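Each residue of the sequence shown is one higher than the one before, counting from 56 in our numbering.
So the structure is just underneath, and the comments pick up after that.
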Amino acid sequence: MQRLGIGLIVVSGLIACGKSEDNNSSGTTITPGNGKLSASDLAKPIALGEMSKFDVEMYLLVHSSDFLATEAEVAEEPETEESDPDCIGDIMDQLTVKAEGDTVILDYGVDLTSCFQSAWQTETSGATVELSHALASMYIRQTCVGMDLSSLNGKKLSEMEDPGCDNSLIMANSKSDVAGVLSAEGQTLDLTSISISSTSTENNEPCTITKTGNTLSQADGCVTIQISTSADSSENEYVKYAGKSLTWVESTANTWYSSGSYDLELNDWTGSLTFGPDATPAYTMSRGTETATGTLTLPVGLHAKKAWKRALLRNMQLK
Numbered sequence: 056m057q058r059l060g061i062g063l064i065v066v067s068g069l070i071a072c073g074k075s076e077d078n079n080s081s082g083t084t085i086t087p088g089n090g091k092l093s094a095s096d097l098a099k100p101i102a103l104g105e106m107s108k109f110d111v112e113m114y115l116l117v118h119s120s121d122f123l124a125t126e127a128e129v130a131e132e133p134e135t136e137e138s139d140p141d142c143i144g145d146i147m148d149q150l151t152v153k154a155e156g157d158t159v160i161l162d163y164g165v166d167l168t169s170c171f172q173s174a175w176q177t178e179t180s181g182a183t184v185e186l187s188h189a190l191a192s193m194y195i196r197q198t199c200v201g202m203d204l205s206s207l208n209g210k211k212l213s214e215m216e217d218p219g220c221d222n223s224l225i226m227a228n229s230k231s232d233v234a235g236v237l238s239a240e241g242q243t244l245d246l247t248s249i250s251i252s253s254t255s256t257e258n259n260e261p262c263t264i265t266k267t268g269n270t271l272s273q274a275d276g277c278v279t280i281q282i283s284t285s286a287d288s289s290e291n292e293y294v295k296y297a298g299k300s301l302t303w304v305e306s307t308a309n310t311w312y313s314s315g316s317y318d319l320e321l322n323d324w325t326g327s328l329t330f331g332p333d334a335t336p337a338y339t340m341s342r343g344t345e346t347a348t349g350t351l352t353l354p355v356g357l358h359a360k361k362a363w364k365r366a367l368l369r370n371m372q373l374k
């Protein structure tokens with residue numbers, strides 16, 4: 056199974072780079088959001104792509120960073136005159152948060168059509184790309200129990216740092232919707248795709264994180280869901296990680312959880328990933344009589360961003 060399908064691979068690559076040659080964000084529309092995603096948005100698609108044992112093993116290898124408890128703090132490279140402009144990143148930096156009492160919320164809809172159109176024309180030499188729309192919505196909510204976060208009201212996303220609360224409730228939803236066609240050498244590729252990403256409880260409410268000393272724990276029932284659907288339903292993908300008894304220690308390095316596990320779903324494969332204080336995380340996945348087992352490799356060289364922007368970019372697969 057191709058990761059996200061042909062069209063979505065191209066979309067994901069462009070978003071990850073977030074670059075356009077002329078940095079033309081004119082025509083970009085930023086509107087108030089509609090709150091969190093609906094239950095239908097987060098529902099498992101009826102039609103799913105085929106995943107082989109090899110696909111499952113490669114997915115967990117490539118996405119090992121999804122299961123890190125903490126990530127390395129790596130300084131971002133300073134921009135120079137030769138740096139490629141970042142259309143999408145510039146738009147994200149314009150967004151501001153709302154804060155009242157102990158809660159901070161980011162809730163926006165963004166029309167990225169002009170960014171995407173410019174980037175596609177630059178990246179697809181010899182091809183013609185026509186986009187009817189490229190829309191993104193995002194909703195992040197964090198509550199720091201017992202703290203006053205009102206001073207953060209109106210802060211830009213680029214200025215936001217982790218509030219540093221000991222006991223928190225946090226969730227993040229995002230959705231991207233792209234429609235268009237790519238034409239080259241007499242052939243066309245339908246680029247229509249919808250991508251969903253959410254970290255929340257099963258009922259799409261904030262997850263609970265508590266801190267005791269330098270140890271953090273996440274309440275059971277917090278799940279991460281990623282859904283990708285495209286014009287070719289055989290490429291549809293559904294991923295779900297459900298945390299159980301997860302604990303970890305604060306660190307500025309790439310580290311695994313100290314204890315706990317994840318229940319995993321990768322399309323029609325199910326299984327678990329288990330953590331231990333002195334062990335490499337080990338997974339077991341099955342589908343019928345097929346079984347895939349292995350361990351994760353600690354990723355290196357991750358590029359950490361300021362906490363709130365990084366949370367948004369990661370959840371939207373923009374990191």
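Ideal Cβ positions, reconstructed from N, Cα and C, are used throughout, including at glycine.
Values in this document were obtained by computation on a predicted structure and should not be read as measured data.
Residues VAL200 and THR265 of the same chain have their beta carbon placed closer than 6 Å to that of ASN222, with the five preceding and five following residues left out of the count. Pairing SER213 with TYR163, the inter-Cα distance amounts to about 15 Å. Per DSSP, the continuous alpha helix (DSSP H) segment holding MET147 begins and ends at 142-149. Every beta strand (DSSP E) of 3 residues or more that sits fully in the region 299-356 is shown, in chain order, as 314-321, 324-331, 334-342 and 345-350. For LEU115, the three-state secondary structure derived from DSSP is helix. Spatial neighbours of ILE249 in its own chain (CB-CB distance under 6 Å, excluding positions within 5 residues in sequence) are listed in chain order as ASP232 and THR284.
By the CB criterion at 8 Å, TYR296 and LEU115 fall outside the cutoff. Its chain contains ALA234 and GLY235 as the residues whose beta carbon lies nearer than 7 Å to that of SER187, once the 5 sequence neighbours on both sides are disregarded; these appear in chain order. Between SER341 and SER272, the alpha-carbon positions lie close to 28 Å from each other. Non-local C-beta neighbours of ASP96 in its own chain, meaning closer than 7 Å and more than five positions away in sequence, comprise LYS230 and ILE251, ordered along the chain.
For SER213, the three-state secondary structure derived from DSSP is helix. Counting along the chain, the unbroken beta strand (DSSP E) around ASN228 starts and ends at 223-239.
Straight-line measurement puts the Cα of GLY104 at about 15 Å from the Cα of THR325.
The beta carbon of LEU351 lies closer than 6 Å to those of SER119 and PRO336 in the same chain, with the five residues before and after it left out. Residue pairing from DSSP places THR279 in a beta bridge opposite THR254 and TYR296. ILE195 has its alpha-carbon roughly 11 Å from the corresponding atom of LEU224.
The beta carbon of SER289 sits closer than 6 Å to those of GLY104, all from its chain and outside the five residues before and after it, given in chain order.
When the Cα atoms are used, MET106 and LEU319 turn out to be separated by approximately 14 Å. Assigned with DSSP and collapsed to three states, LYS108 falls in helix. DSSP lists no bridge partner for LEU97. Here ASN208 is exposed. Its C-beta has fewer than 16 other C-beta atoms within 10 Å. Approximately 6 Å separates the beta-carbon atoms of ALA191 and LEU167; this is inside 8 Å, confirming the contact. Around the C-beta of LYS99, fewer than 16 other C-beta atoms lie within 10 Å, and the residue is accordingly described as exposed. For LEU123, the closest of GLN281, LYS91 and ASN309 by C-alpha to C-alpha distance is ASN309.
If the five residues before and after GLN281 are omitted, its C-beta is found closer than 6 Å to the C-beta atoms of SER252 and VAL294, all from its own chain and listed in chain order. The Cβ atoms of ASN291 and ALA102 lie closer than 8 Å to each other.
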